[in-house]
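Data block below; observations after.
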Amino acid sequence: MPHITNAGRGPLQVPGFGGIPLNFELSPETRFAHGLLEYRHSPRLTKREIAMLRLMQHITETPGWHRAILDPDENQLARWHRDAVEGPEGFLITALAWGWCISELRDKARTWQATGRLLVFDSSSAVCQSNELGVSLEDIQKQVTQLGPQINNYSPLVDPFLYPLAYARSPVLSSGGEVPLHDLWCSTGEVDKGLPLHPFNQLQFPFDHLRRRIPLDRQPGYGGPESCYSNHFQWLPFEVTFSSNDPLDVSITSYVNNLHPQNHRNLYAHLEDLVARSVSSWNEVLFYGNSRGRHPPRILTYGCHIHNYMEERKIFRDIVPLLNWRGICDTHEDWQKLCDNAREYISGPEPPKWQQAEPRSGRSPNLLDELTPEQWENPRLVSQLTRSKRARRAWFNHPEPGVSFSYEQWKEGKFTGRAIIPQRVGKFPDPLHHQYTPVRLQDTFREQGLQVVVEIFNIELTPESPTYSGEAHFHIEGLRNDRIAATSLFVVETKNITEPRISFQHEDKVHASELECKVPNTLANVLDIDSFKLFEEQAPEALHTFGSVPLTKGHLLSWPNTFRSKQESFRLADPSQPGNLTGIKLRLVDPHYRICSTRNVPPQQHDWWATSAQQAAHLDRRLPAELVQLVMNQTEQWPVSRAKAERLCQELHLDHERVRMVIDECVGHHIVGCIPFDDPQDVRVASGLGYESP
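Quick note: the sequence shown uses full-length UniProt numbering, first residue 1, plus one each step.
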């Protein structure tokens with residue numbers, strides 16, 4: 001494995017420089033997982049577990065929730081339980097599910113009290129909420145205000161898309177040396193241009209210029225992973241070092257791209273504080289690429305028991321699907337008796353729709369309403385109706401938690417590989433015990449430090465523009481060039497707006513050969529997979545949406561880059577007054593890598609250079625102001641003009657949009673309705689599943 005370093009004490013040796021290919025990848029067990037066509041959760045969580053995760057997250061939004069749990073407030077607990085069972089997913093919150101949730105919430109409450117951190121939506125990936133940061137929100141907001149007005153709600157105040165590393169264009173200290181934080185223009189080392197344009201020939205959109213689909217696959221060598229790189233750009237992170245005394249005290253040692261260190265010293269100090277406090281949260285959500293994630297499923301099953309399936313009744317033998325009753329009965333009176341028996345059966349009891357193995361949407365709640373008196377003379381229609389009733393009477397129970405392993409065992413990762421119904425074909429068996437490698441960034445990377453990409457935004461609403469529409473798509477942060485492992489979002493201010501929220505989903509997979517059920521669509525229901533008409537509709541994507549988390553003032557939200565995220569829309573609370581959402585987003589570069597950073601790239605901003613040049617040459621004392629301005633105008637292309645930077649910014653956004661489209665194109669589809677089969681190969685052929693490996 002090549003030695004990766006950007007310390008500046010020798011040639012730059014990072015992906016894309018020093019002979020290391022830009023698409024160099026560490027093996028999954030030696031780096032953190034990411035969602036850029038790599039990590040997928042497996043097995044897919046059950047519908048009941050998703051409901052439990054949403055319930056626990058919802059409860060933690062209640063002020064003082066932890067006190068109501070630890071010092072039991074029976075009235076509050078009763079209200080939570082009533083709201084849960086009366087809600088749209090109430091049928092999933094059984095006594096066992098509720099008891100598990102309370103046990104888990106009790107442990108979460110203790111952690112929240114002790115550390116100020118809380119994990120929600122915690123399965124293989126997790127979202128960490130952090131409170132009690134002890135930062136001065138007023139001063140941070142004051143410092144952000146000094147950055148000037150934001151051009152629009154989609155152009156951040158500190159924008160990593162502006163002045164990025166542009167291959168073959170940006171100056172790079174590739175032979176060694178570094179850019180001093182406190183004297184940006186006294187770089188040690190020889191400056192040259194970055195590496196030539198990326199040699200990949202597989203970087204492409206999933207559509208050609210005529211909008212025809214180009215087949216891509218997530219397997220390496222088939223265009224998907226390769227197209228998650230950019231052959232033009234990379235975000236520029238800044239460098240962070242750990243203090244030798246306090247493991248959670250950090251210092252910024254290279255300039256923050258688009259944030260001048262001399263003009264914004266106080267904001268630099270706040271960023272150091274936020275990075276330091278993010279480390280503990282990142283420790284809670286990161287996991288290695290060869291693992292099964294942070295936590296095992298709470299409910300593990302590969303099948304579902306169907307009760308009362310294809311029940312036998314005399315009525316099914318008596319009424320055969322002929323076109324005329326005379327082929328069945330000698331007299332009309334005998335036929336009417338059979339019809340009366342059929343009506344009695346059809347009007348009989350049936351399980352609620354959510355418990356029906358084959359609910360068959362589109363049919364009347366009362367099947368007797370579907371036939372007119374004339375149609376009751378048609379045995380074929382009557383036979384169809386009785387069989388529809390038989391299908392409705394087949395029922396199942398969503399699998400419960402605490403059946404194949406207890407909550408205490410789950411918490412310790414013991415026996416979590418025991419499934420309620422085991423795999424049909426054990427091609428990828430679950431380990432009996434869940435293995436997880438703890439993460440301590442401050443210890444593992446104390447010597448080399450961290451690299452972080454910052455974004456500061458201020459979404460402003462006015463009576464004339466009262467609504468923020470939110471992000472259009474779920475997305476993974478960054479490109480493969482950027483090596484983003486986790487993200488933190490600190491909410492500085494929420495003023496006169498409805499509650500802002502951010503939603504999360506992750507990609508998963510189902511190995512059809514492992515599943516078995518008499519009614520495949522029932523298993524799809526258990527696994528929270530939407531139904532679809534085979535050969536008529538596109539199968540549902542292999543994505544699981546967990547829900548949303550509020551963006552609360554003064555809170556830090558952190559998640560791994562295996563989660564997709566999407567900022568939801570919000571609007572003015574009082575439409576007659578302005579409002580805003582101010583936040584700081586910190587993206588952690590996987591520290592198992594090093595990438596080219598602001599330590600290795602002198603500033604590219606013309607206005608930074610112009611100010612420094614004026615001061616160094618004492619132009620203000622030697623020339624009239626109009627001549628100084630003329631000189632500056634003549635040098636506006638150096639190092640990079642604002643106009644050119646904005647063009648490159650647009651190109652980088654297009655790269656990100658291309659990668660988002662590639663990822664969406666390569667996401668798998670769930671076709672559980674095609675199981676069971678005797679041969680896994682039959683599953684792939686019949687269902688269209690092109691992958692069978694983890």
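For glycine and all other residues, C-beta sits at the position ideal for the given N, C-alpha and C.
If one requires a minimum length of 3 residues, the beta strand (DSSP E) runs lying completely within the stretch 548-612 are 556-560, 564-567 and 579-589, in chain order. Relative to residue 45, the option among 523, 644 and 645 whose CA is nearest is 523.
Annotation for residue 130: the continuous beta strand (DSSP E) segment containing it runs 127-130.
Taking a cut-off of 8 Å for Cβ pairs, the stretch 657-666 and the stretch 485-499 do not touch, as fewer than three such pairs fall below it. Contact between residue 549 and residue 587 is absent: CB atoms are separated by about 18 Å, not below the 8 Å threshold. Taking every protein chain shown into account, the CB of residue 504 has 16 or more other CB atoms within 10 angstroms, so this residue is buried. Counting along the chain, the unbroken alpha helix (DSSP H) around residue 67 starts and ends at 65-70. The C-alpha of residue 556 is placed about 25 Å away from the C-alpha of residue 448. Partner residues in the beta bridge of residue 234, as assigned by DSSP, are 165. Within the stretch 39-101, the complete alpha helix (DSSP H) runs of at least 4 residues fall at 47-59, 65-70 and 74-86. Per DSSP, the continuous alpha helix (DSSP H) segment holding residue 384 begins and ends at 379-393. Rounded to whole angstroms, the separation of the alpha carbons of residue 433 and residue 457 is 43 Å. DSSP places residue 493 inside the beta strand (DSSP E), whose first and last residues are 484-495. By the Cβ rule, the stretch 398-414 counts as touching the stretch 280-298, because three or more pairs are nearer than 8 Å. When DSSP states are grouped into helix, strand and coil, residue 356 belongs to the strand group. Rounded to the nearest angstrom, the gap between the Cα atoms of residue 178 and residue 601 is 8 Å. Three or more Cβ pairs drawn from the stretch 559-567 and the stretch 27-35 lie within less than 8 Å of each other, which places the two stretches in contact. Under DSSP, residue 288 forms a beta bridge with 32. Beta-bridge partners of residue 508 (DSSP): 41.
The Cβ-Cβ distance between residue 255 and residue 181 falls below 7 Å. Fully contained in the stretch 420-491 are the following beta strand (DSSP E) runs of length 3 or more, in chain order: 450-461. Apart from sequence neighbours up to five positions away, the residues of its chain that approach residue 417 with a beta-carbon distance below 8 Å are 296, 300, 429, 430, 431, 432, 433 and 434, ordered along the chain. The three-state reading of DSSP puts residue 223 in strand, counting E and B together. Two segments are said to touch when three or more pairs of C-beta atoms, one from each, lie closer than 8 Å; by this definition the stretch 589-609 touches the stretch 255-271. 7 Å or more divides the Cβ of residue 493 from the Cβ of residue 437. Contact annotation: residue 238 and residue 652 have beta-carbon atoms that are not nearer than 7 Å. Using a C-beta cut-off of 8 Å, the stretch 459-479 makes contact with the stretch 34-43, since at least three inter-stretch Cβ pairs fall below that distance.
Secondary structure at residue 519: coil, using DSSP grouped into helix, strand and coil. The closest CA to that of residue 566, considering only 452, 332 and 472, is found on 472. In the DSSP assignment, residue 140 falls within the unbroken alpha helix (DSSP H) covering 137-145. In the displayed model, residue 241 falls within a strand according to three-state DSSP. By the beta-carbon neighbour count (other beta carbons within 10 angstroms, threshold 16), residue 444 is exposed. Taking 7 Å as the cut-off, the Cβ atoms of residue 382 and residue 319 count as close.
Under the three-state reduction of DSSP output, residue 170 falls in the coil class, being neither helix nor strand.
From the listed residues 425, 192 and 176, the smallest Cα separation to residue 5 is found for 176.
Contact annotation: the stretch 352-359 touches the stretch 382-397, with at least three C-beta pairs closer than 8 Å.
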